[in-house]
Every structure is written in C-alpha cells, then in structure tokens.
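Enquirer: Pasting in a structure now, in structure tokens, and then I'll have a few things to ask.
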Amino acid sequence: MKLPCSLRSLPPRGPRPPRGGPAAGDLLYGVIERYLRAAIALTAIVASAALWWPVSAQAATRIKEVASVQGVRSNPLVGYGLVVGLDGSGDQSSGAPFTAQSLNALLQQMGVTVPPGVQMQPKNVAAVMVTAVLPAFAQPGQSIDVNVSSLGNAKSLRGGTLIATPLKGADGALYAMAQGNLIVGGAGAAAAGSKVQINHLAAGRVPQGATVERAVPTPLAHGEFLQLDLGSSDFATARDVARAINRAKGDGTAIAVDGRVVRVRAPAALDARVAFLADIENLPLELSQAAARIVLNARTGSVVMNDAVTLAACAVAHGSLSVTISSTPVISQPNALAQGQTVQSEKADIAITQQSGGLVQMPAGAKLADVVKALNALGATPQDLLAILQAMKSAGALNAEIEVI
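Using numbering that gives the first Met the number 0, the first residue of the sequence shown is number 0, and each one after it goes up by one.
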C-alpha cells in the first residue's frame, strides 16, 4: 500500500539553538513530527479497513418476506387444447385416440365436416394441457405466460403452434384465452435406430401467450381490518410483526391473533389503504432464531439443516452392506448320437460383502460448523446419513426436528 507521504520527505531539521538557550523550536518540531506519524498510521489503517472489516451478509428482513395480505394471491388456470404445425412428431392415433376426436370437433366448429367412417391419422397435431397462473389484480386485456404439456405420445412439440384454448379456473368460469407459438428448450434427432435428445421435448412455454378476459375480485377494499398471513406458524414472528406495525402506525393498529395471523386496522380510502400497505410491507423486522430443523430428501439423498441445529455427545458405528449378483450363461449340449436338444440356461452367483464400521465418538456441537465437522467424520454417504440422523434423533443426541420430503 502506498502511503500518502513518508517520513523521509520531512524537511531537515534546522540548527539547534545553543545549549541552555530557548528550545521552543525543537519542541514545536517534535510535536509536529509525532502528529505526522499518527496521521500516517491512521491513513494506513483506514485504507486497509475494506479488506478486513466485516460486512453484513444480508439486509434486515422485511414484513413482505414473512407475511402476505389475505385475499391477495394468484389463481391457477387450466385448459385443454391442440398444438398444430409439428414436423411429423405429433400424436399417433393408435395410442392417443382423443387427439383425432378433438381435431374432428375443431374442424366441425370451423365448418368442415369429415365424412363418416374416415379415420384421421394426423402426425402434425398433439393434444396438450395448458396451464397458467392468473396473478392478483390482473385486469382484462393483460397478457400472462402459459405452459404447454403433451397429453398423448407426441415425440416433440418443437415448432408447434397452440390453437386458441380457453383457460378456466376452479369455479369453471373462463378467465383467459391462450394462443401462440411454443418455445421448447430442447432438441433431438433420431435415425437408423439411434436417438439423441437434449432436455425435454414434450413440454414448452408461450411467453405472454394468454390474454386475461376476466378479473378476480379481491377483498382488499372491504372491511375495516386486513389480515396478514405468515408464511409459517411462529408465535414469536407474529408478535414481532405486530410490534413493528404498532411502532410505525401507533398502538392498537395491529393485533397478533395466533401464531400465523396478524389483524391490522387499515384506512377506509383506497389510495390511503394502498399507501398504508406499502409502508408496513417494508418495515424491518428483528426475527428470533428459528426452530432447529433438518430436511431430508429420501429420493435424492439431500440433507439441509439450519444454524439452530445442535448435537450432543454420542458414539456412532457405521458400516456398509453390498450385494453383488453376477449371471453367467451356461449351455447344455447333448452327445452327438443322443437324441436331445441344446438348452441354454443361466447360473447366478450372489455375493454379500459387509464392511466393518468402527465406533466413532462424536463430540457435542453447539454451532452449525461443529455439527457438520462431526458428521463428516463418519465418512457416510448422503443416503446413509439419512438413517444416521434419524437414529441420532431417536437416541436423543440430535436436538432438531427432522422433516422427510
């Protein structure tokens, strides 16, 4: 680091006054020199502070991250439609007869009558399910994205076009109409018995492919009170949310009803109510430490734990058991003069190998880093770790709630 100045650049001292004479100049020079040394040291510390000064990793949590206004939510939409324009990769009539029926009904709506007894076998059409999410406060005329998924045995939806499809809600009413060209994030090719495929080809997306036809009413403008629903049940979080709102808007504005609901008194005017919600959504929160929890995914072997997990001292013995099955073809051939037939069979060899696992003493850990270090000392795979953590929980050595997903 280059300092702004150096002691070598100081001007040389002048001649000292004779011994016994006035030393005011020497004393003044000494004071200046000490101040200059202190300034240089302070400059070096300040310049290097950016390298070692701890910086907060995350900002304060806001109310909008832990709670939502009741009634202000999205709604799922679903519809059945046809994708046309495929390059011979559509549904086969033998495996998906409903595709031909849907195409026949569509042609009749267009004024085209198919002669009776004609079996249509189009290869450029696929039956699909269309799904979308209608966001809160969406108004007629606005556009939303839609997802398109194949229902039949279509090989690919790449290059297809979705025909106008009505999207309905849970009440059966029509809320949007979807139509447009599909975007499929994959590619594939097949020839002479060989096949190459990248990503999934039987599903796609139409950006801004649906037009909203009907708005969903929300209870935001009704009643004196609004209800905030927390993302998870926690009495401490509900108390902290109510306290933060009361500090900003006055005592009695918010009441924690239970561990998941906070009731808030809001202004009657619509513009004032919107401004009120905008203010309380951005209020900072000082949340208490979450409950100790470990989430186990039995399908993938993933293990996720929060920083509240603690471990008591215990001993764990871990060993692995492997089973190997090998099959060898055996051919039994009769003699040349015997009247028999050659028979082919298989001989299976089964071997079981069990590796011994020593008893490992795991020290107590009060921090997440200590818990991770103790679990790594076992040398177990993620799949084995699922059973080990459950056994430690049963033994009372693991202070956390285990959730298997």
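Note that beta-carbon positions come from the ideal geometry of N, C-alpha and C, so glycine has one too.
Just so we're clear, the structure is a prediction, and the values are computed from it rather than from any experiment.
1. Helix, strand or coil for residue 349? Go by DSSP, reduced to three states.
2. Pick helix, strand or coil for residue 90, following the three-state DSSP scheme.
3. I'd like to know if the stretch 217-225 and the stretch 264-281 are in contact, where contact means that at least 3 CB-CB pairs between them fall below 8 Å.
4. Closer than 7 Å by C-beta to residue 151: which residues in its own chain qualify, once you throw out the five before and the five after it? Chain order, please.
5. List the whole-angstrom C-beta distance separating residue 88 from residue 154, where the pair is believed to meet the contact cut-off of C-beta under 8 Å.
6. So, is residue 101 buried or exposed, given that buried needs 16 or more other C-beta atoms within 10 angstroms?
7. Run through the stretch 217-291 for me and flag every whole alpha helix (DSSP H) of 4 or more residues, listed as ranges in chain order.
8. May I have the straight-line CA-CA distance separating residue 325 from residue 297, to the nearest angstrom?
9. By the DSSP assignment, the beta strand (DSSP E) with residue 130 in it spans what residues?
10. Quick check: what's the CA-CA separation for residue 116 versus residue 228?
11. Are the CB atoms of residue 217 and residue 316 within a distance shorter than 9 Å?
12. Suppose the cutoff is 8 Å on Cβ atoms and the five residues either side in sequence are ignored; what does the same chain contact list for residue 163 look like?
13. If you draw a straight line from the C-alpha of residue 60 to the C-alpha of residue 240, how long is it?
14. Just reading off the beta strand (DSSP E) that residue 316 is part of, what are its end residues?
15. Sorted by chain position, which residues of the same chain lie with C-beta nearer than 6 Å to residue 243's C-beta, five sequence neighbours on each side aside?
16. Could you tell me the distance, in whole angstroms, from the CA atom of residue 174 to the CA atom of residue 74?
17. Just checking my contact of residue 133 with residue 143 at CB under 8 Å: how many whole Å lie between their CB atoms?
18. Measuring straight from C-alpha to C-alpha, what distance separates residue 302 and residue 290?
19. Compare the C-alpha of residue 404 against each of 170, 364, 385 and 271 and name the closest.
20. Are there 16 or more other CB atoms within 10 angstroms of the CB of residue 113, so buried, or fewer, so exposed?
21. When DSSP builds the beta bridges, which residues end up paired with residue 402?
22. Starting from residue 143, trace the alpha helix (DSSP H) both ways and give me its first and last residue.
23. Around the Cβ of residue 62, are there at least 16 other Cβ atoms within 10 angstroms (buried) or fewer (exposed)?
24. Going by Cα to Cα distance, which pick from 103, 276 and 140 is closest to residue 69?
25. Where does residue 202 fall in DSSP's three states?
26. Residues in its own chain within less than 6 Å of residue 145 by CB, not counting five upstream and five downstream?
27. Relative to the C-alpha of residue 120, which residue among 40, 331, 92 and 106 is closest?
28. Give the straight-line distance between the Cα atoms of residue 140 and residue 214, rounded to the nearest whole angstrom.
29. Under three-state DSSP, which class holds residue 396?
30. Taking the alpha-carbon positions, what's the residue 457 to residue 280 distance?
31. How would you label residue 391, buried or exposed, when you count the other beta carbons within 10 angstroms and need 16 or more for buried?
32. Tell me the rounded alpha-carbon separation between residue 122 and residue 161.
33. One question on the structure: do residue 251 and residue 65 come within less than 9 Å of each other, judged by their Cβ atoms?
34. Which residue marks the beginning of the beta strand (DSSP E) containing residue 196, and which one marks its end?
Expert: Taking the definition as stated:
1. strand
2. coil
3. yes
4. 90, 94, 95, 98, 125 and 126
5. Between the beta-carbon of residue 88 and that of residue 154 there is about 4 Å, and that keeps the pair under the 8 Å contact cut.
6. It is buried - the Cβ of residue 101 has at least 16 other Cβ atoms within 10 Å.
7. 234-248 and 269-280
8. 28 Å
9. 125-133
10. C-alpha separation (whole angstroms): 58 Å.
11. no
12. 80, 176, 177 and 178
13. 11 Å
14. 313-316
15. Apart from the 5 residues on each side of it in sequence, residue 243 sits with its Cβ closer than 6 Å to the Cβ of 282 and 284 in its chain, given in chain order.
16. So the alpha carbons of these two residues sit roughly 10 Å apart.
17. 7 Å
18. 17 Å
19. 385
20. exposed
21. 294
22. Not the alpha helix (DSSP H): residue 143 falls in the beta strand (DSSP E), residues 142-149.
23. Answer is buried; the Cβ neighbour count reaches 16.
24. 276
25. strand
26. 129, 131, 177, 205, 208 and 209
27. 92
28. 10 Å
29. coil
30. The chain is shown only over 0 to 404; residue 457 falls outside these bounds and no answer can be derived.
31. Under this definition residue 391 is a buried residue.
32. 15 Å
33. no
34. 193-197
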